[in-house]
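Let me begin by presenting the structure, written as structure tokens, before commenting on it.
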Amino acid sequence: MWEGSAKEVLGISRGGGARRKSGAWWWNEEVKEKVKEKQRAYADLCNCTLEEEKEVKEARYKAAKTLAKEAITMAKNNAFERLYKKLDTKEDENRCLTSEGQGKENKGSRKCKMR
Numbered sequence: 010m011w012e013g014s015a016k017e018v019l020g021i022s023r024g025g026g027a028r029r030k031s032g033a034w035w036w037n038e039e040v041k042e043k044v045k046e047k048q049r050a051y052a053d054l055c056n057c058t059l060e061e062e063k064e065v066k067e068a069r070y071k072a073a074k075t076l077a078k079e080a081i082t083m084a085k086n087n088a089f090e091r092l093y094k095k096l097d098t099k100e101d102e103n104r105c106l107t108s109e110g111q112g113k114e115n116k117g118s119r120k121c122k123m124r
């Protein structure tokens with residue numbers, strides 16, 4: 010009884026509102042542009058009906074996909090390189106980031122591993 014009335018008045022949430030983008034901190038404008046181009050190429054491919062046209066659009070999509078992967082790889086490598094320079098070395102496993110974002114030696118039994 011109450012459940013039906015609550016659904017009528019309040020509606021139903023689809024969820025996913027608090028979803029966090031993992032890895033978004035290293036994205037830059039070039040990556041966003043390349044991914045958008047790949048998405049447009051995929052949409053064109055899906056909306057295509059002619060076989061000859063489909064082959065051309067599939068080639069365009071594959072090229073855009075390759076370019077997007079390359080841009081993502083370059084952006085991630087650059088971002089992690091900057092991060093590792095801030096942390097001195099990549100293999101330094103006893104360093105943790107504090108909430109202020111500064112490196113701090115971990116004096117407890119817990120170890121933070123940087124990967």
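Take the sequence shown: its position 89, counting from 1, is numbered 98 in my numbering, and each next residue is one higher.
Beta carbons are placed, not taken as given, at the ideal position from N, Cα and C, and that holds for glycine.
Legend entry - Assigned exposure category for A68 - 16 Cβ within 10 Å defines buried: Counting the other CB atoms within 10 Å of its CB gives A68 a total below 16, which places it among the exposed residues.
Inset, instruction - Quick one: measure Cβ to Cβ for A43 and A80, integer angstroms, because I've assumed they're closer than 8 angstroms. - result: The sequence shown places Lys at residue 43, not Ala. Their Cβ separation, rounded to whole angstroms, is 4 angstroms, which keeps K43 and A80 in contact under 8 angstroms.
Legend entry - E64 burial status per 10 Å Cβ neighbour count (16 or more: buried): Classified as exposed, E64 has fewer than 16 neighbouring CB atoms from the shown chains inside 10 Å of its CB.
Legend entry - Separation of Y51 from W34, as counted between CA atoms: Rounded to whole angstroms, W34 to Y51 spans 25 angstroms at the Cα level.
Legend entry - Span of the alpha helix (DSSP H), counted from its first residue to its last, around T82: Run containing T82: 60 to 95, per the alpha helix (DSSP H) assignment.
Inset, instruction - Spatial neighbours of L70 within its chain, please: CB distance less than 8 angstroms, with the 5 preceding and 5 following residues excluded, ordered by chain position. - result: Looking at the sequence provided, one finds Tyr at residue 70 rather than Leu. Answer for Y70: K47, A50, Y51, D53, L54, listed in chain order.
Inset, instruction - List the whole-angstrom C-beta distance separating V40 from A88, where the pair is believed to meet the contact cut-off of C-beta under 8 angstroms. - result: Actually they do not touch by this definition, with Cβ atoms about 10 angstroms apart.
Inset, instruction - Look up S108 in the DSSP assignment and say whether it is helix, strand or coil. - result: Interpretation of S108 is limited by its pLDDT of 43, a score under 50 that renders its predicted location unreliable; the figure taken from the coordinates is listed afterwards. Three-state result, S108: coil.
Inset, instruction - Determine the DSSP secondary structure at C57, reduced to helix, strand or coil. - result: DSSP places C57 in coil when its eight states are reduced to three.
Legend entry - C-alpha gap between E17 and C57, whole angstroms: Their Cα atoms are separated by approximately 41 angstroms.
Inset, instruction - Could you pull out every residue in the same chain whose Cβ sits closer than 7 angstroms to the Cβ of S14, ignoring the five residues on either side in sequence? - result: No residues qualify anywhere along the chain.
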